[in-house]
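Number of protein chains: 2
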Amino acid sequence: MATLLYTILTRLSGIAIEVLGHVLPTAVGVLGEATLSERSSRSEVVYRLLRQAILEQALKPGTKLSEDTIADHFKVSRTSVRGALVRLNAEGIVDLRANKGACVAEPTLEEARDIFSLRRMLEAEVIRRLVADLGAAGFKRLEQHVREEQAALSDHGPLSIRLAGEFHILLAELTGSQALTRFVREVVSRCSLILARFARLHSPECAVDEHIQIIRALRSKDIAAAEKIMLEHLDAVELRAELNPDKAEPDISEILKRYAGES
Amino acid sequence: MATLLYTILTRLSGIAIEVLGHVLPTAVGVLGEATLSERSSRSEVVYRLLRQAILEQALKPGTKLSEDTIADHFKVSRTSVRGALVRLNAEGIVDLRANKGACVAEPTLEEARDIFSLRRMLEAEVIRRLVADLGAAGFKRLEQHVREEQAALSDHGPLSIRLAGEFHILLAELTGSQALTRFVREVVSRCSLILARFARLHSPECAVDEHIQIIRALRSKDIAAAEKIMLEHLDAVELRAELNPDKAEPDISEILKRYAGES
DNA sequence: TATCCGGCTATCGTATGCAATTGACAGCGC
DNA sequence: GCGCTGTCAATTGCATACGATAGCCGGATA
């Protein structure tokens, strides 16, 4: 397990080292969501890299995130790592057990259903708002994004997973509501964890086609139809996840709970 | 300004000092939301105290939160304070400007409307779920809470402000959905900031009566009615806030922007 | 007089060191 | 053989120390 973390971080550390030299602006661009010229502290960089690693499912749920290990690999002090871990914990994608170290969060099946249910609500709202006022510029960004997704499709790897999630975040951003965006970002992140934990193979996870359909529905300005498409899309995502709750328990405590009569 | 922070923290530090001795369990109880026996790190304690101070509107939007000052008053190191500030920042109630220190967030009017709109959506969902499955135990907790609110009413101070917000959080908790609770907690927190910034006098802010009506509506199991009451309640809260956008600009930059033609 | 420049101070970002807690293992008693 | 207890290593929590950055103020210059 420690070995796995080792491997992942080594792969990322190539970026990290450059980042921690003075190539920041460029590297920030690479990391995606940064608005340019935004200077990044070490803690910020670690935060982004870890987040990326988790959302790309390189770091799987349950993986222990030792401060020392991470600090060594990113060539920073534990202080910076801690800052990042605290933030990730606040977002719910890292569990922070006192004196026992951090690990990638392991959503339970129950939590998974909970998240999905909320996600449906939030994204339905997104659709409603977008049908009302999405302009040409917005559609352009969406289409551009989908093109990127298609380009990354052959990759079958981390990139396509991340882009699939970011499509939904982009939708939320286009509503112009910061708060809504924030929440969508969070549920999408956690859904990524859930899929990592429960889904068999992540397949092309969110089929790009479904995203294209959503755009088309938005164009049609038909609220009911658009909402329906989105919900079906989310159902599809959820189905891919929960169909096999077999994989649901690599975690013994879940199993034992039932025998202990804790519900 | 620094003087104000000084005063507030001094008032809180009485608690803090005890807390940082070994009286933790007791003190934690005082702080409300803790499930007993949960040991708290220094960072955690600072987090809770700051959060409480902000939500009770003792620390008003815009107040600078110097790490040194806080650390001195709570008798902890800056390290612990930083951890707390990072968390508060993640929740959106503290702004963290690089190399310039933290300050209590100052929601703009635009953000305020955004938050309220989201809040309506989230709490409507809460009501829908509660109408469906709130049991006797739940009603009991709600009524207990309202009694506390009534008791605190004469106080006209921090306590009643906090309890008013916590009523809504309690409602969310009763749905059993962690994610929903989390989001409601966040919007309620930010609404508190908004009221602190824009509302004239916070009056009994959320009239206790309105809370009682909500409970009654829940009892009636009439979704439409209950939802309506809740939305009216939130409208009332919002009205109290936005009726006088005069107070909207104690902040010069907002004013100057208009003259600079930046929008 | 207004503007620009340089040092100064206050404050933050990061690294490191030490104390404290946890979990494991060996040894002892039952 | 089983369980308990005390010691040890590993890892975190916290404090302190240092370097870096932003904002302030005074002086010099046009």
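These protein sequence lines are chains U and E, in that order.
Just add 87 to the spot in the first sequence (first one is 1) and you have the working numbering.
Just add 87 to the spot in the second sequence (first one is 1) and you have the working numbering.
Where a beta carbon is used, it is the ideal one built from N, C-alpha and C, also for glycine.
Limits of the unbroken alpha helix (DSSP H) element including residue i
i: U/R184; result: U/R184 -> not in any alpha helix (DSSP H); beta strand (DSSP E) instead, spanning V181 to R184.
i: E/G252; result: P245 to L261
i: U/L137; result: R129 to L142
i: U/D309; result: No alpha helix (DSSP H) holds U/D309; DSSP gives it neither H nor E.
i: E/R269; result: Q265 to F285
Same chain, Cβ closer than 8 Å to residue i, neighbours up to 5 away in sequence not counted
i: E/I299; result: V233
i: E/I256; result: T268, V271, R272 and V275
i: U/S264; result: R216
i: U/D182; result: N176, A189, C190, V191, A192 and E193
i: U/V173; result: L183
i: U/R228; result: L257 and L261
i: E/Q231; result: none
Spatial neighbours of residue i in its chain, beta-carbon cut-off 6 Å, leaving aside the 5 residues before and after
i: U/R284; result: P148
i: E/E314; result: A211 and I214
i: E/G252; result: V275 and S279
i: E/S167; result: R129, S130 and V133
i: U/D201; result: none
i: U/G225; result: L261
Spatial neighbours of residue i in its chain, beta-carbon cut-off 7 Å, leaving aside the 5 residues before and after
i: E/A171; result: S130, V133, Y134 and L137
i: U/E193; result: P148, G149, R284 and D338
i: E/V213; result: L258, A259, T262, L267 and V271
i: U/E143; result: P245, I248 and R249
i: U/R169; result: E154
i: U/R207; result: L318 and L321
i: U/S164; result: A158
i: E/I316; result: Q300, I301 and A304
i: U/A286; result: R327 and A328
i: U/G119; result: With a pLDDT of only 31 at U/G119, under the threshold of 50, the placement of this residue in the model should not be trusted, and no figure is reported.
i: U/E235; result: L250
i: U/A223; result: none
Partners in chain E for residue i, counting only beta-carbon separations shorter than 7 Å
i: U/Q265; result: E198 and D201
i: U/V213; result: Within chain E, no residue comes near U/V213; the closest Cβ sits about 11 Å away, beyond 7 Å.
i: U/L305; result: By Cβ distance, chain E contributes nothing, its closest Cβ being about 20 Å from U/L305, past 7 Å.
The ligand GDP heavy atom lying under 7 Å from the CB of residue i
i: U/A286; result: In the structure on display, the ligand GDP does not appear, and there are no ligands present to speak of.
Reference residue i; option with closest CA among the options
i: U/R189; options: U/E210, U/L175 and U/S164; result: A quick correction: the sequence has Ala, not Arg, at residue 189 of chain U. The shortest C-alpha separation from U/A189 is found at U/L175.
i: U/L305; options: U/A211, U/L250 and U/R277; result: U/A211
i: E/K187; options: E/D296, E/L152 and E/E235; result: E/L152
i: E/A294; options: E/Q237, E/S307, E/A311 and E/D309; result: E/Q237
i: U/D220; options: U/E198, U/A286 and U/K308; result: U/K308
i: E/A328; options: E/E297, E/I316, E/F203 and E/G222; result: E/F203
i: E/A311; options: E/V218, E/R287 and E/E325; result: E/V218
i: U/E178; options: U/I302, U/A286, U/R277 and U/E325; result: U/R277
i: E/E297; options: E/R287, E/L282, E/A286 and E/F254; result: E/F254
i: E/L196; options: E/K162, E/I281 and E/R184; result: E/I281
i: U/V324; options: U/R184, U/A199 and U/V173; result: U/A199
Contacts that residue i makes with chain U (C-beta to C-beta distance below 7 Å)
i: E/L280; result: Result: empty, since nearest Cβ-Cβ is about 13 Å, beyond 7 Å.
i: E/R174; result: V173 and A177
i: E/F270; result: F270
i: E/A219; result: Going along chain U, no residue has its Cβ under 7 Å from E/A219, so there is no contact; the nearest lies around 13 Å.
i: E/M208; result: E212
i: E/L258; result: By Cβ distance, chain U contributes nothing, its closest Cβ being about 16 Å from E/L258, past 7 Å.
Per-residue contacts from residue i into chain U (C-beta, under 9 Å)
i: E/L326; result: Chain U residues near E/L326: none, gap ~20 Å exceeds 9 Å.
i: E/G170; result: R169, G170 and V173
i: E/L318; result: Under the 9 Å cutoff, chain U gives no residues; its nearest Cβ is about 15 Å from E/L318.
Partners in chain E for residue i, counting only beta-carbon separations shorter than 8 Å
i: U/S128; result: A185
i: U/L229; result: Correct list: empty, because the minimum Cβ distance to chain E is about 22 Å.
i: U/L250; result: Within 8 Å Cβ-Cβ: nothing; U/L250 doesn't reach chain E, min ~24 Å.
Chain U contact residues for residue i, given Cβ-Cβ distances below 8 Å
i: E/L142; result: Ordered by position in chain U, no residue passes the 8 Å Cβ test against E/L142, which lies about 17 Å from the chain.
i: E/L240; result: Those within 8 Å of E/L240 in chain U number zero; the least Cβ separation is about 30 Å.
Chain-ordered neighbours of residue i on chain E, where CB pairs are closer than 9 Å
i: U/L152; result: The premise fails here: U/L152 is roughly 16 Å from chain E at the closest Cβ pair, so nothing lies under 9 Å.
i: U/L321; result: Near U/L321 there are no residues of chain E at all, since even the closest Cβ is about 15 Å away, more than 9 Å.
i: U/F246; result: One point to set straight first is that residue 246 of chain U is Leu, not Phe, in the sequence displayed. Within chain E, no residue comes near U/L246; the closest Cβ sits about 26 Å away, beyond 9 Å.
i: U/L136; result: Ordered by position in chain E, no residue passes the 9 Å Cβ test against U/L136, which lies about 17 Å from the chain.
i: U/L261; result: Chain E residues near U/L261: none, gap ~14 Å exceeds 9 Å.
i: U/L146; result: Chain E residues near U/L146: none, gap ~20 Å exceeds 9 Å.
Query - alpha helix (DSSP H) runs contained entirely in the segment 156–240 of chain U, provided each spans 4 or more residues - result: 165–177, 196–220 and 223–240
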